[in-house]
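J.: Numbering (this note's numbering), first residue to last: 173 to 728. The beta-carbon is built from N, C-alpha and C at its ideal position, and this holds for glycine as well. Being a predicted model, the structure only gives us computed values, none of them experimental. Once you've had a glance at the structure underneath, I'll fire off some questions.
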């Protein structure tokens, strides 16, 4: 009682609880969770790809600090990154492999769970054909995991009905780049934000969703000696719109008309880069025929932007020494997304804004490794930006991995929405969902729930209990960020190493808990999760690790 009274009156300031101690690498840290060591790694939240250090105490992540030597974030982190360690021990963590029995999920050994899934997949494929099994993946695995999963699904299970949730957000960017460049390889980088004279952000609220990118824009005035002109295109007045020198509140779904209208004006006024067009592009005449459908007066009517503003934006973009366009979901998640991406690329091409500092059309990815799955995931293309339709590409890949060429698919299978349609039609009888939660992210939830009931088996592989996991027949409790070693590829195609906080490889084993009735029933032990890789080099508090004592910059 006395303690409660002191606390109420403010006499007890909890000095011990909130005490600070000196850390040899990052200065003052909370005494209660002062790390034993720091492990250099990469953030696993969004596609920006920030470098960080994980503070580890007694094997658990207790702190996260920005890596001052990482070129993406230079020691800074957004609130998501700073709190990333807190989700590792969340009460909703799945404790291992589980099978649905009467009354709920029962935890089992991995071999039993693997055999159950393997036997059922074999039975389904023998009865309905190879493509009756489908897989929906994610943008959050390590690149090595994406490659392994894709190879297993396409060449092992021999089903090309395999796609990721990245289709819902990045398919437009992928196909737009392929239409324009013949390959899905974004040509821009974050340094372009620091060198561009004009930056046009289209459907991209980076202030809220990718705040670290604002730091690259802030460096622009230091590098160029003056602030860039920022144009923000968004129907909503977002926090990013507050950054704008010119804000274009277009009507929803009019991005394509706006960009083609700017191209019309640039051509009309002769502001294009004719040398670049003649030497580096093809199809310009056909392009001009298309944009003639978008005269300024018509575009003003469609978009709600005044004609004089359209001319001003076109003049600024075309007249800039280097102009950059960047976009996210506002462009991609649209029925016109693919054509809009191609239009943004066309705007860059006709003004020569490609292949020079500050000049690029750049899509910004959402998930931490959405770019990695595009590079090696084996969903929309063969790993390494190879084309399913190219016999040369199929032969090359088959030779690399040592399989018969005829085993490599000649076309991609069903995309994410088509997989759901395939379940509805009875073509797909078993579904394996990896690190995604369709019952939150997929449109038309009643339709999806009805479709999932038609499956003979639903397998969900995730680190946490989710809405979709609750419907599964078999659950694979997976390792998450800081529990495995591999690489992420960020939006600018920078390959970052992510390390495990564990000093040695751990083997996944079933724990003694026999059932799972609710995600909030108890806190699951995560010691059973599978991690892999060599022991990471770390920073130890004693300075006896592989890094020089007192320096956070020498760890690898």
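Just tell me which of 318, 212 and 618 has its CA closest to the CA of residue 607.
T.: For the purposes of this step, residue 607 is identified with residue 435 of the chain shown, where counting begins at 1. The shortest C-alpha separation from residue 607 is found at 318.
J.: So the candidates are 231, 647 and 409; which of them puts its Cα closest to the Cα of residue 205?
T.: By one-based count along the chain shown, residue 205 stands at place 33. Taking only the C-alpha atoms, the option nearest residue 205 is 231.
J.: Only counting the same chain, and skipping five residues up and downstream in sequence, which positions put a Cβ closer than 7 Å to that of residue 385?
T.: By one-based count along the chain shown, residue 385 stands at place 213. Around residue 385: 220, 362, 365 and 378.
J.: What would DSSP say about residue 604, mapped onto helix, strand or coil?
T.: Residue numbering aside, residue 604 sits at position 432 when the chain shown is read from its first letter. Three-state result, residue 604: strand.
J.: Have a look at residue 473 and residue 466 and give me their C-alpha separation to the nearest angstrom.
T.: Within the chain shown, the letter at position 301 stands for residue 473. Within the chain shown, the letter at position 294 stands for residue 466. Taking the straight line from one Cα to the other gives about 11 Å.
J.: For the beta strand (DSSP E) containing residue 502, list its first residue and its last residue.
T.: The count along the chain shown starts at 1 and reaches residue 502 at position 330. Not the beta strand (DSSP E): residue 502 falls in the alpha helix (DSSP H), residues 501-504.
J.: Run through DSSP, which three-state label would residue 633 get?
T.: Residue mapping note: residue 633 aligns to position 461 of the chain shown, counting from 1. In this structure, residue 633 counts as strand in the three-state DSSP scheme.
J.: Give me, in chain order, the residues of the same chain whose beta-carbon lies closer than 7 Å to that of residue 288; leave out the 5 immediate sequence neighbours on both sides.
T.: The residue labelled residue 288 in the question sits at position 116 within the chain shown. So the list reads 271 and 646, once near-sequence residues are dropped.
J.: In terms of DSSP beta bridges, what is residue 648 paired with?
T.: Taking the chain shown and counting its residues from 1, the one referred to as residue 648 is at position 476. Note: residue 648 sits in a beta bridge opposite 269 and 633.
J.: Could you give the distance in angstroms between the alpha-carbon of residue 659 and the alpha-carbon of residue 672?
T.: Here residue 659 corresponds to residue number 487 of the chain shown, with the count starting at 1. Here residue 672 corresponds to residue number 500 of the chain shown, with the count starting at 1. If I take the Cα positions, the gap works out to 11 Å.
J.: Taking C-beta to C-beta, are residue 540 and residue 250 nearer than 9 Å?
T.: On the chain shown, position 368 is the one that residue 540 refers to. On the chain shown, position 78 is the one that residue 250 refers to. Not in contact: residue 540 and residue 250 (Cβ atoms no closer than 9 Å).
J.: Could you spell out where the alpha helix (DSSP H) holding residue 517 opens and where it closes?
T.: Indexing the chain shown from 1 puts residue 517 at position 345. It spans 509-522 - the alpha helix (DSSP H) in which residue 517 sits, taken as one unbroken run.
J.: What would DSSP say about residue 278, mapped onto helix, strand or coil?
T.: Walking along the chain shown from the start, residue 278 turns up at place 106. DSSP places residue 278 in strand when its eight states are reduced to three.
J.: What runs of the beta strand (DSSP E), each 3 residues or longer, lie entirely inside the segment 404-465?
T.: Counting only runs of 3 or more, we get 418-420.
J.: Start and end of the alpha helix (DSSP H) containing residue 229?
T.: Residue 229 sits at position 57 when you count from the first residue of the chain shown. Here residue 229 belongs to no alpha helix (DSSP H); instead the beta strand (DSSP E) covers 223-229.
J.: Does the segment 300-311 touch the segment 593-612, meaning 3 or more C-beta pairs lie closer than 8 Å?
T.: Yes, the segment 593-612 is in contact with the segment 300-311.
J.: When the Cα atoms are used, what is the spatial distance from residue 452 to residue 493?
T.: The count along the chain shown starts at 1 and reaches residue 452 at position 280. The count along the chain shown starts at 1 and reaches residue 493 at position 321. Roughly 18 Å between the two C-alpha positions.
J.: Just mark residue 321 as buried or exposed, buried being the case when its beta carbon has 16 or more other beta carbons within 10 Å.
T.: The residue labelled residue 321 in the question sits at position 149 within the chain shown. Burial call: buried.
J.: By the three-class DSSP mapping on this structure, what secondary structure does residue 398 have?
T.: Position 226 of the chain shown, counting from 1, holds the residue named residue 398. Three-state DSSP puts residue 398 in coil, outside helix and strand.
J.: On the criterion of 16 or more Cβ atoms from any shown chain inside 10 Å, does residue 281 qualify as buried, or is it exposed?
T.: Position 109 of the chain shown, counted from the first residue, corresponds to residue 281. It counts as exposed.
J.: Below 8 Å on the Cβ atoms is my contact criterion, and I expect residue 375 with residue 405 to pass it. Report the Cβ-Cβ distance as a whole number of Å.
T.: On the chain shown, residue 375 is found 203 positions in, with the first residue counted as 1. On the chain shown, residue 405 is found 233 positions in, with the first residue counted as 1. Yes, they are in contact, since the Cβ atoms of residue 375 and residue 405 sit about 7 Å apart, within 8 Å.
J.: Which whole-angstrom value describes the C-beta separation of residue 268 and residue 224, a residue pair presumed to lie in contact below a C-beta threshold of 8 Å?
T.: Here the question's residue 268 lines up with position 96 in the chain shown. Here the question's residue 224 lines up with position 52 in the chain shown. Wrong, their Cβ atoms sit about 28 Å apart, outside the cutoff.
J.: In this structure, how does DSSP classify residue 591 when only helix, strand and coil are distinguished?
T.: What you label residue 591 is simply residue 419 of the chain shown in a count that begins at 1. Residue 591 falls in the helix class under three-state DSSP.
J.: Using only CA atoms, which one of 592, 583 and 244 lies nearest to residue 731?
T.: With the chain covering only 173 through 728, there is no way to say anything about residue 731.
J.: Who are the Cβ neighbours of residue 188 in its own chain at under 6 Å, not counting the five residues just before and after it?
T.: On the chain shown, residue 188 is found 16 positions in, with the first residue counted as 1. Cβ within range, chain order: n/a, list empty.
J.: Return the chain-ordered list of same chain residues with a C-beta closer than 6 Å to the C-beta of residue 548, the five sequence neighbours on each side being excluded.
T.: Taking the chain shown and counting its residues from 1, the one referred to as residue 548 is at position 376. Answer for residue 548: 315, 318, 319 and 555, listed in chain order.
J.: Between residue 360 and residue 532, which are expected to be in contact by the criterion C-beta below 8 Å, what is the C-beta distance as a whole number of angstroms?
T.: Residue 360 sits at position 188 when you count from the first residue of the chain shown. Residue 532 sits at position 360 when you count from the first residue of the chain shown. Yes, residue 360 and residue 532 are in contact; Cβ-Cβ is about 3 Å, under 8 Å.
J.: For residue 636, I'd like the list of residues in its chain whose CB is within less than 7 Å of its CB, leaving aside the five on either flank, ordered along the chain.
T.: As a first step, residue 636 is located in the chain shown; it is residue number 464 there, counting from the start. If we look at residue 636 and ignore the five residues flanking it on each side, its Cβ neighbours are 262, 264, 265 and 266.
J.: Assuming the contact rule is C-beta atoms closer than 8 Å, residue 505 and residue 341 should be a hit. Round their C-beta distance to whole Å, please.
T.: Numbered from its first residue, the chain shown carries residue 505 at position 333. Numbered from its first residue, the chain shown carries residue 341 at position 169. About 6 Å; that satisfies the 8 Å criterion.
J.: Looking only at its chain, what residues have a beta carbon closer than 6 Å to the beta carbon of residue 372, apart from the 5 residues adjacent to it on each side?
T.: Locating residue 372 in the chain shown gives position 200, where the first residue counts as 1. Here the set comprises 403 and 497.
J.: Judging by CA-CA distance, which residue of 502, 441, 477 and 425 is the nearest neighbour of residue 412?
T.: The residue given as residue 412 occupies position 240 in the chain shown. Per the Cα distances, 502.
J.: Note down, in chain order, each residue of its chain lying with its Cβ closer than 6 Å to the Cβ of residue 653, except the 5 sequence neighbours on either side.
T.: Start at 1 with the first residue of the chain shown, and residue 653 comes out as number 481. Only 216 meet the Cβ criterion.
J.: Starting from residue 533, trace the beta strand (DSSP E) both ways and give me its first and last residue.
T.: Taking the first residue of the chain shown as position 1, residue 533 is located at position 361. Per DSSP, residue 533 belongs to the beta strand (DSSP E) from 532-535.
J.: Can you tell me whether residue 339 is helix, strand or coil according to DSSP?
T.: Along the chain shown, read from residue 1 onward, the residue named residue 339 stands at position 167. Looking at residue 339 - three-state DSSP - the assignment turns out to be helix.
J.: So residue 438 and residue 522 are in contact, right, with Cβ under 8 Å, and what is the actual spacing, rounded?
T.: As a working note, residue 438 is residue 266 in the chain shown. As a working note, residue 522 is residue 350 in the chain shown. Correct: roughly 6 Å between the Cβ atoms.
J.: Go ahead and label residue 641 buried or exposed: buried means 16 or more other beta carbons lie within 10 angstroms of its beta carbon, across all protein chains shown.
T.: Position 469 of the chain shown holds residue 641. That one is buried.
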